[in-house]
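Visitor: When we follow UniProt numbering, the leftmost residue of the sequence shown carries the number 1, and every step to the right adds one.
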Amino acid sequence: MDIGSTFAALDFARLGISAAIKARDDLKIAAATQELNDTIVKAQIASLELLQKQTAISNAHRDAEDRAHQLHHELVELKRRASERERYELKKLHENTFVLSVREDCRGSEPPHYVCQPCMDNLGKKGILQGNSRLVTCPECKQKYSLAPTPSAPPVNGASNSAYLSNRKR
Numbered sequence: 001m002d003i004g005s006t007f008a009a010l011d012f013a014r015l016g017i018s019a020a021i022k023a024r025d026d027l028k029i030a031a032a033t034q035e036l037n038d039t040i041v042k043a044q045i046a047s048l049e050l051l052q053k054q055t056a057i058s059n060a061h062r063d064a065e066d067r068a069h070q071l072h073h074e075l076v077e078l079k080r081r082a083s084e085r086e087r088y089e090l091k092k093l094h095e096n097t098f099v100l101s102v103r104e105d106c107r108g109s110e111p112p113h114y115v116c117q118p119c120m121d122n123l124g125k126k127g128i129l130q131g132n133s134r135l136v137t138c139p140e141c142k143q144k145y146s147l148a149p150t151p152s153a154p155p156v157n158g159a160s161n162s163a164y165l166s167n168r169k170r
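1) Give me the Cα-Cα distance between GLY131 and HIS69, rounded to the nearest whole angstrom.
2) Decide if residue 229 is buried, meaning its Cβ has at least 16 other Cβ atoms within 10 Å, or exposed.
3) Among LEU36, CYS138, CYS119, ASP66, which one has its Cα closest to the Cα of ARG85?
4) I need the DSSP call for GLN130, collapsed to helix, strand or coil.
5) Going by DSSP, what residue range makes up the alpha helix (DSSP H) through SER47?
6) Mind checking ARG168: buried by the 16 CB within 10 Å criterion, or exposed?
7) Could you check if GLY4 is buried or exposed, using at least 16 other CB atoms within 10 Å of its CB as the buried criterion?
8) Ignore the nearest five residues each way along the sequence and tell me which others in PRO112's own chain have a CB closer than 8 Å to its CB.
9) Short check: CB of LYS126 to CB of THR137, under 8 Å?
10) Give me the Cα-Cα distance between LYS42 and GLU49, rounded to the nearest whole angstrom.
11) Do TYR129 and VAL99 have their C-beta atoms closer together than 8 Å?
12) Using a Cβ-Cβ distance under 8 Å, would GLU65 count as near chain D?
13) State the DSSP-derived secondary structure class of GLU104, mapped to helix, strand or coil.
14) From ARG24 to ALA30, what distance separates their C-alpha atoms?
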């Protein structure tokens, strides 16, 4: 073998070794790149999951704040209604007829008046009874209240009419 062939063989071997090293390095780079890409994808998935959890927690927090505001407004309204209700007392007009009447110590410059008890206690509405000296009506529920007892029924079977007539004159 001559020197030229030896150098050619050495150069060929060098090129082969360089190609083998490059192929090995390319495989290592490809494997490292794939591993890095897998790690990035896993990190992105974990980041998205955390973002979803954070969004859910944020939504739950906002819902809880909204509910707290709603409950606060309801509490303020209930306190207002309770305060207004304390200004009134139950008054018996006659047998089985009850209304609310403004208490003397709470009236101030308000004129005396009656309020529908079911509307105020059940609905929180102040239905001031309107009408004349014998019959008043609630403007909210349209319930009618007699301010005077109704006369008793006429006697049956010849009983005395004096009690009936005396009740009618009232």
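Glycine included, each C-beta is placed from N, C-alpha and C at the ideal position. Small disclaimer: the values here were computed from a predicted structure and weren't measured.
Guide: Let me lay it out:
1) 41 Å
2) Residue 229 is absent from the model: the chain starts at 1 and stops at 170.
3) When only C-alpha atoms are compared, the closest one is CYS119.
4) strand
5) From DSSP, the alpha helix (DSSP H) with SER47 extends over 3-86.
6) Because ARG168 sits at a pLDDT of 45, beneath the cut-off of 50, its placement in the model cannot be relied upon, and the point is left open.
7) exposed
8) Counting only residues of its own chain and dropping the five nearest sequence neighbours on each side, PRO112 has a CB closer than 8 Å to the CB of SER101, VAL102.
9) no
10) 11 Å
11) For clarity, residue 129 is Leu in the given sequence; the question names Tyr instead. Result yes, Cβ atoms of LEU129 and VAL99 sit closer than 8 Å.
12) The displayed structure is made up of one protein chain only, and chain D is not part of it.
13) In the structure shown, GLU104 falls within a helical segment according to DSSP collapsed to helix, strand and coil.
14) 10 Å
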